[in-house]
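Below: the structure, in structure tokens.
There are 4 protein chains.
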Amino acid sequence: MKIGFLGQGLMGSAMCARLIRAGHDVYVWNRTAERCADVVALGARQQETPAAVVTESEITIAMVSDPAAAHAVVFDASGVASAIGPNQSYVDMSTVDAQTAREIDRAIRAAGGRYLEAPVSGTRGPAIDGTLIILAAGDESLYQDARPLFEIMGKQDFFYGEVGQAARMKLIVNMVMGGMMTAFCEGLALAERSGLSQSDLREVLAIGALANPMFSIKGPLIEAGQFAPAFPLKHMQKDLRLATLLGDELEQPVPTAAAAHEAFIVARALGLADADFCAVFRAIAKGS
Amino acid sequence: MKIGFLGQGLMGSAMCARLIRAGHDVYVWNRTAERCADVVALGARQQETPAAVVTESEITIAMVSDPAAAHAVVFDASGVASAIGPNQSYVDMSTVDAQTAREIDRAIRAAGGRYLEAPVSGTRGPAIDGTLIILAAGDESLYQDARPLFEIMGKQDFFYGEVGQAARMKLIVNMVMGGMMTAFCEGLALAERSGLSQSDLREVLAIGALANPMFSIKGPLIEAGQFAPAFPLKHMQKDLRLATLLGDELEQPVPTAAAAHEAFIVARALGLADADFCAVFRAIAKGS
Amino acid sequence: MKIGFLGQGLMGSAMCARLIRAGHDVYVWNRTAERCADVVALGARQQETPAAVVTESEITIAMVSDPAAAHAVVFDASGVASAIGPNQSYVDMSTVDAQTAREIDRAIRAAGGRYLEAPVSGTRGPAIDGTLIILAAGDESLYQDARPLFEIMGKQDFFYGEVGQAARMKLIVNMVMGGMMTAFCEGLALAERSGLSQSDLREVLAIGALANPMFSIKGPLIEAGQFAPAFPLKHMQKDLRLATLLGDELEQPVPTAAAAHEAFIVARALGLADADFCAVFRAIAKGS
Amino acid sequence: MKIGFLGQGLMGSAMCARLIRAGHDVYVWNRTAERCADVVALGARQQETPAAVVTESEITIAMVSDPAAAHAVVFDASGVASAIGPNQSYVDMSTVDAQTAREIDRAIRAAGGRYLEAPVSGTRGPAIDGTLIILAAGDESLYQDARPLFEIMGKQDFFYGEVGQAARMKLIVNMVMGGMMTAFCEGLALAERSGLSQSDLREVLAIGALANPMFSIKGPLIEAGQFAPAFPLKHMQKDLRLATLLGDELEQPVPTAAAAHEAFIVARALGLADADFCAVFRAIAKGS
């Protein structure tokens with residue numbers, strides 16, 4: 111299938127590479143053009159604009175960093191909206207708020223195209239391994255058409271109905287993740303202050319009802335102070351902001367998520383925006 | 111071995127039953143004497159006071175509900191402290207604060223006995239199955255002598271050095287547990303307000319990096335509104351209180367644990383003190 | 111002077127009435143046209159659109175309920191932007207975020223007009239009495255021209271430089287107000303639970319270093335359960351949201367403001383959006 | 111009257127000096143004996159133990175730093191409890207929790223004495239000026255006898271019934287104070303990050319409904335970084351701890367007080383325990 115792929119960041123480049131290796135004909139674009147080099151080396155054909163990618167592709171996938179970027183790639187000059195037409199499809203796998211998703215949906219449908227939002231759960235490792243979790247909502251026929259691609263990139267996919275619902279599910283999952291990470295880091299910091307070691311705590315957590323892959327994977331990195339970004343802290347902070355705003359919109363208080371959100375803002379103030387999100391440990395353990 | 115067992119609550123009765131079935135000679139006492147009936151039916155010999163139990167036993171184990179009860183069983187008239195002497199040992203498996211543990215330790219040692227604090231992680235299910243996690247600190251020779259008993263009651267045990275350290279580890283583990291439960295419940299509540307279902311969220315969480323037994327076990331019970339106490343909410347609230355006080359003592363802020371603590375106080379105000387701790391969901395989802 | 115006045119809500123109608131009584135020629139518009147009746151009775155001339163008001167006026171003032179309304183009154187068809195031109199001035203006294211203020215500023219200046227943001231601190235009482243505090247930023251020459259009008263509506267005015275800064279000051283003041291109100295209500299609730307009365311607490315607060323008009327005015331209303339809106343709770347909740355988002359933008363954590371914000375969301379979930387903001391007491395004292 | 115005065119800290123020394131200057135015969139003791147020098151110079155007679163003070167005095171007043179010190183001064187060897195008898199009275203003006211107050215009350219009454227708890231609101235300045243607010247509970251006849259002394263030390267006094275209620279009122283007032291201070295500091299920090307000045311914000315607050323002496327007095331000190339202790343930060347942090355524990359005991363959630371409490375713990379971790387409590391600003395403005 112002729113597939114377009116917009117965005118070649120940490121996530122997008124790994125997902126795109128899997129599609130190429132699976133034998134698809136992939137047209138690519140990235141705001142910073144040089145970042146396309148790796149996938150071009152694998153066989154992707156680089157285009158100058160999102161519009162040019164859309165023109166060549168049956169399904170165009172986007173994976174960009176935030177709602178503003180997702181908006182720009184569609185609505186800027188030579189953006190997706192300027193080129194898409196009947197028989198063409200757009201699958202936005204970026205994490206955006208429901209409002210942005212709905213705005214993009216309206217524009218694509220007005221042009222006769224089909225739209226699916228399909229944010230993912232998982233970081234660069236799962237993106238490389240093709241074990242992402244894919245949360246989709248929007249045009250159900252497009253969801254069915256895109257599933258063979260989702261199977262290349264992910265281990266499981268879900269469909270949640272109307273546009274915006276997948277974005278919400280993604281935010282809620284990340285809100286739980288941010289809360290769990292903060293609880294974990296407060297525990298690690300308190301263990302250290304108590305004269306126990308981080309690994310003492312990890313060992314107990316690993317064999318009980320709280321055992322989970324995130325603690326197992328991030329725990330040793332936190333202790334080692336290795337904060338290379340698998341999921342950048344600034345993105346987690348953004349997701350916590352969007353999740354608390356969702357709670358606000360729906361009159362659902364989320365007080366511990368709001369408290370966790372503040373810890374991530376402290377972390378940003380400490381210069382950790384581009385570190386892995388588990389670097390929130392440093393905001394907590396430094397006595398803040 | 112001749113073993114004493116003080117306390118026949120949800121946890122103690124299950125742990126005690128395993129020791130009896132393993133062939134030990136067990137002397138028991140409980141403040142409400144009738145609750146000893148089950149273990150007496152299995153062969154335990156009921157005594158009238160903690161002192162009487164201690165007199166008969168090489169190692170006396172206590173498993174009572176809170177620091178006040180742990181203190182009383184030792185220091186009340188006919189308590190453990192009044193009977194213990196050289197060559198006798200006391201293992202307190204209750205969850206208490208470090209200060210109470212140290213006070214008991216001093217009294218036992220002053221009388222010539224050996225003391226080990228050994229709080230457990232796990233609820234009634236693991237107590238029945240013998241899969242508790244046992245966190246010990248205090249007299250290391252007693253720890254070695256007690257390990258055969260721990261192997262009957264638990265799946266793993268740890269030794270953390272001086273008295274108070276096991277109590278602290280237990281509190282920190284429960285603090286992480288309370289934080290994770292609150293984050294989970296905020297997520298479930300927000301999913302429902304978003305028009306997604308609790309099971310939609312559980313399904314995604316179950317296959318990703320956040321998957322853990324607690325979410326899997328408690329999730330369906332929360333959705334079903336089944337709050338029979340495996341771990342009573344009031345005990346989790348107490349542990350969150352003690353953990354925030356530990357943070358206070360050690361100058362380690364724990365802001366999300368403090369926020370989670372308040373959610374459990376709301377739950378108590380709603381009359382849920384004796385429900386399972388996952389009933390904190392009702393405090394969160396009711397718009398509070 | 112020929113003055114335009116857009117918005118005839120709780121605040122706008124009181125401010126507008128003062129300008130009319132001071133002898134100004136006032137042209138008015140309101141989305142719900144009937145609400146203009148009171149000021150028309152005082153001599154205002156009602157117009158059908160914001161554009162029609164602008165056309166007649168040297169300085170047009172707007173006082174509408176939120177950023178969306180402030181945006182609409184300028185950018186909708188027959189809005190301010192469609193009519194304003196050189197020698198005309200627009201003073202927006204609504205409370206909006208800095209981004210909305212800057213967007214309006216750009217549009218007004220592009221059309222050759224002058225723009226001043228001038229949000230106020232104070233509720234309906236001070237609006238009636240002409241004792242508002244007026245926080246201005248933007249075109250300094252317009253600030254000087256508008257001061258005679260500000261003196262009719264307010265007791266003091268301030269100028270903070272570039273557009274957006276007055277909006278920020280307003281949000282920060284309201285953030286402090288929301289935090290103080292929440293602290294006060296937690297105190298009142300805790301006093302009652304302690305068997306002390308609300309008036310016992312108010313009496314002590316009234317003679318010490320914490321004494322302030324807000325506690326004195328709102329305290330008796332809270333005890334009496336009289337929550338007629340002087341400043342609607344939903345507006346305070348919105349301001350707390352915008353203030354926490356400002357903290358987010360500027361990497362300044364505001365954890366207690368975030369916690370207070372959640373209390374106001376609980377209050378909205380209890381159906382108190384249109385009550386006075388001191389009704390947050392009911393969210394706190396009900397055990398939530 | 112022959113009056114005893116135990117405790118010569120920041121507060122006690124100022125209060126004691128006023129009693130001496132008013133013509134009373136004052137017997138004094140302090141744990142660190144040298145600190146009695148100032149009041150001895152004014153005419154006080156120094157004793158070696160609390161018991162010796164009690165023996166000489168009709169009414170003995172205590173003003174020590176925390177519940178532990180208040181407990182020790184009564185129950186240690188040669189403490190108040192060892193000497194007090196019929197026709198003797200004990201007025202504890204320290205800030206303690208209700209439980210400690212009740213314990214002291216029982217001991218004093220068991221010995222035939224009268225007991226009044228009488229914590230104060232106000233810092234060293236009002237202690238020097240005799241403008242403290244005095245919150246009393248316990249023996250009402252002693253309250254009447256002590257009022258002439260209270261009039262020397264304070265500007266107003268209140269009686270709240272049974273022992274413990276004055277302690278609670280004091281904690282609630284300080285909880286509101288800690289919450290207001292944190293809200294103020296978050297506002298000041300956010301103003302600075304916004305490019306507004308602290309004095310800009312103070313100026314607006316000073317003329318509106320939030321105006322209060324604490325903001326007026328502490329605001330300039332915060333901006334100047336002058337944190338000489340009028341009310342030590344560690345004492346405010348302790349009061350916030352005790353207030354949140356009171357909420358816990360009474361099932362009254364106090365989520366913003368709990369969040370403020372964490373800010374004060376951050377401040378302690380930054381080494382500010384002995385600074386004035388307004389130094390919590392540094393914990394907030396440093397990005398924590």
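Residue numbers (this note's numbering), protein chains in the order written: chain A, 111 to 398; chain B, 111 to 398; chain C, 111 to 398; chain D, 111 to 398.
Here a beta-carbon is modelled for each residue, glycine too, at the ideal position from N, C-alpha and C.
Query, Result
"Helix, strand or coil at G397(C) according to DSSP, with G and I counted as helix", "Annotation note: pLDDT 47 at G397(C) (below 50); position unreliable, coordinate value reported separately. Looking at G397(C) - three-state DSSP - the assignment turns out to be coil, as it is neither helix nor strand."
"Any chain B beta carbon closer than 7 Å to P342(D)", "no"
"Segments of 4+ residues assigned as alpha helix (DSSP H) that fall wholly inside the region 287-339 of chain A", "308-316 and 323-334"
"heavy atom of the ligand ADP below 6 Å from I218(C) C-beta", "Ligands displayed in this structure: none; no statement on the ligand ADP is therefore possible."
"Cβ of A316(B) within 7 Å of any chain A Cβ", "no"
"Chain-ordered residues of the region 260-280 of chain A with a beta carbon less than 9 Å from chain C", "none"
"The region 353-375 of chain B: positions lying closer than 8 Å to chain A by Cβ", "A353, L356, G357, L360, E361, Q362, P363, V364, P365, T366, A367, A368, A369, A370, E372 and A373"
"Chain A contact residues for S175(B), given Cβ-Cβ distances below 7 Å", "Neighbours of S175(B) on chain A: none; closest Cβ ~20 Å, over 7 Å."
"Unbroken alpha helix (DSSP H) run spanning A368(C), endpoints", "P365 to A379"
"When V273(A), G133(A) and L331(A) are compared against V424(A), the one with the closest alpha-carbon", "No answer is possible for residue 424(A): it lies beyond the span of chain A, which begins at 111 and ends at 398."
"Neighbouring residues, chain A, relative to R97(C) (Cβ below 8 Å)", "Residue 97(C) lies beyond the stretch modelled for chain C, which goes from 111 to 398, so this question has no answer here."
"Short CB-CB distance (under 7 Å) between A379(D) and chain B", "yes"
"Euclidean distance between Cα positions of A373(A) and I194(D)", "52 Å"
"Chain A contact for P229(B) (CB, 7 Å cutoff)", "no"
"Min CB distance R155(B) to chain A below 7 Å", "no"
"Delimiting residues of the beta strand (DSSP E) encompassing Y137(B)", "D135 to W139"
"Option in F115(B), G264(B), L382(B) and E250(B) with minimal Cα separation from D202(B)", "F115(B)"
"Close Cβ partners of S398(D) (< 7 Å) along its chain, the five nearest in sequence each way excluded", "For S398(D), the predicted model reports a pLDDT of 43, less than 50, meaning its position is unreliable; a value from the coordinates is still stated below. So the list reads V376, once near-sequence residues are dropped."
"Listed by chain order, chain C residues near R312(A) by CB distance under 7 Å", "Within 7 Å Cβ-Cβ: nothing; R312(A) doesn't reach chain C, min ~27 Å."
"Residue of D267(D), R351(D), E333(D) and G223(D) minimising C-alpha distance to R392(D)", "E333(D)"
"Limits of the alpha helix (DSSP H) - the one that R212(C) falls within", "A208 to A220"
"Residue ranges of each alpha helix (DSSP H) within the region 193-280 of chain A, 4 or longer", "208-220, 234-239 and 250-263"
"DSSP bridge partner residues for A172(D) (one or two, in chain order)", "L116(D) and D202(D)"
"Where R351(A) meets chain C, residues with beta-carbon distance less than 9 Å", "T354, L355 and D358"
"Test: P323(D) CB closer than 7 Å to a CB of chain C", "yes"
"First and last residue of the uninterrupted alpha helix (DSSP H) at T142(A)", "Element bounds for T142(A): n/a, residue is neither H nor E."
"Exposed unless 16 or more other CB atoms sit within 10 angstroms - verdict on P323(D)", "exposed"
"Those residues which DSSP pairs with D64(D) across a bridge", "Within the shown structure, residues of chain D are numbered from 111 to 398, placing residue 64(D) beyond reach of any answer."
"Helix, strand or coil at Q156(C) [DSSP, three-state]", "strand"
"Below-7 Å beta-carbon distance, G297(C) vs any chain D residue", "yes"
"C-alpha gap between A143(B) and L252(B), whole angstroms", "29 Å"
"Interface flag, R303(B) vs chain A, CB-CB below 7 Å", "yes"
"Contact set for T165(A): own chain, Cβ-Cβ below 6 Å, skip 5 residues either direction", "A193"
"Close-in-space but distant-in-sequence residues of the same chain around V150(A) (CB under 8 Å, 5 per side omitted)", "V138 and Q156"
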